[in-house]
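Asker: Sharing a structure below in structure tokens format, with a few things to ask.
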Amino acid sequence: MPTDFSVRKQVILGGVILLVLADAALWVYSWELASAPQTPQEKYAQQVTQLKVLKGDIDRAQKIRNEIPNTQKDCDRFEQSLFPVGSGYSSVTSELGDMAKKAGVQLEDVAFKQVDSESHKIIEIVIDATVNGDYKNVVGFLNAVQRSNSTYGADSLTLGSENSQGPAGFIKVALHLKTYFRATA
Numbered sequence: 025m026p027t028d029f030s031v032r033k034q035v036i037l038g039g040v041i042l043l044v045l046a047d048a049a050l051w052v053y054s055w056e057l058a059s060a061p062q063t064p065q066e067k068y069a070q071q072v073t074q075l076k077v078l079k080g081d082i083d084r085a086q087k088i089r090n091e092i093p094n095t096q097k098d099c100d101r102f103e104q105s106l107f108p109v110g111s112g113y114s115s116v117t118s119e120l121g122d123m124a125k126k127a128g129v130q131l132e133d134v135a136f137k138q139v140d141s142e143s144h145k146i147i148e149i150v151i152d153a154t155v156n157g158d159y160k161n162v163v164g165f166l167n168a169v170q171r172s173n174s175t176y177g178a179d180s181l182t183l184g185s186e187n188s189q190g191p192a193g194f195i196k197v198a199l200h201l202k203t204y205f206r207a208t209a
């Protein structure tokens, strides 16, 4: 009986070794097929595809290069549309005040904060203000700010706490806006 067990064990071990060797041989064969040289037609087709991709990249780069003068003119036009830093604060205060008056709201607590930037041509200005009025008029004011020829970006709007001093429908909104001034040369 003990010889049966050892013979059986040797047969199983031999079978496992054969399977591992067959698996290794198939892996080597598969690797050789994958790394086998391509036919000239396959190489040519691959190179043609790569050439088309490279030509497309070159065409896009040339298009971007050709558009740079127009982009620069657009940037210069935008920069010239900004208020100069010397008169910008009073211009913004006046413009926001006019919009508030036309919308029928009260503009209060207008405060400016200059943000330091890497670029010295354009200066970012943060504006904090409070708008009081009925809902429709406040929305009209915000719409006027959005449609203004000047550049304003609303970072946040916060509905203020209920104020018993105003009539029904009266709201208070805290504005956090951004605008930009042109640095003087």
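Under my numbering, the sequence shown is numbered contiguously, ending at residue 209. By construction, the Cβ of each residue, glycine as well, lies at the ideal position given by its N, Cα and C atoms. From a predicted model like this one, the values you see are computed outputs, not experimental measurements.
On the DSSP bridge list, what partners appear for Lys202?
Answerer: Lys202 pairs with Val150, Gly177.
Asker: Got a sec, what are the start and stop residues for the alpha helix (DSSP H) Asp100 sits in?
Answerer: Counting along the chain, the alpha helix (DSSP H) containing Asp100 begins and ends at 64-105.
Asker: Is the beta carbon of Val155 sitting closer than 8 angstroms to the one on Val139?
Answerer: In this structure, Val139 does not lie closer than 8 angstroms to Val155 by Cβ.
Asker: Could you give the DSSP three-state label for Asp122: helix, strand or coil?
Answerer: Reduced to three states, the DSSP call for Asp122 is helix.
Asker: To the nearest angstrom, report how far apart Ile151 and Lys87 are at their CA atoms.
Answerer: Between Ile151 and Lys87, the C-alpha separation is close to 39 angstroms.
Asker: Using 8 angstroms as the cut-off, can you tell me whether the segment 158-172 makes contact with the segment 114-132, which would need three or more C-beta pairs spanning the two stretches below that distance?
Answerer: In short, these stretches touch, since the Cβ pair count reaches three.
Asker: For the putative contact between Ile13 and Ala198, defined by C-beta atoms under 8 angstroms, what is the C-beta separation to the nearest angstrom?
Answerer: The structure shown does not extend to residue 13, since the chain is modelled only from 25 through 209, so no value can be given for it.
Asker: Using a 10 Å radius around the Cβ and a threshold of 16 neighbouring Cβ atoms, would you call Ile82 buried or exposed?
Answerer: The residue is exposed, with fewer than 16 neighbouring Cβ atoms inside 10 Å.
Asker: Hey, could you find the ends of the beta strand (DSSP E) Val129 is sitting in?
Answerer: From DSSP, Val129 is part of no beta strand (DSSP E); its letter is neither H nor E.
Asker: Gln34 to Ser54, Cα distance in whole Å?
Answerer: Approximately 30 angstroms between the Cα atoms of the pair.
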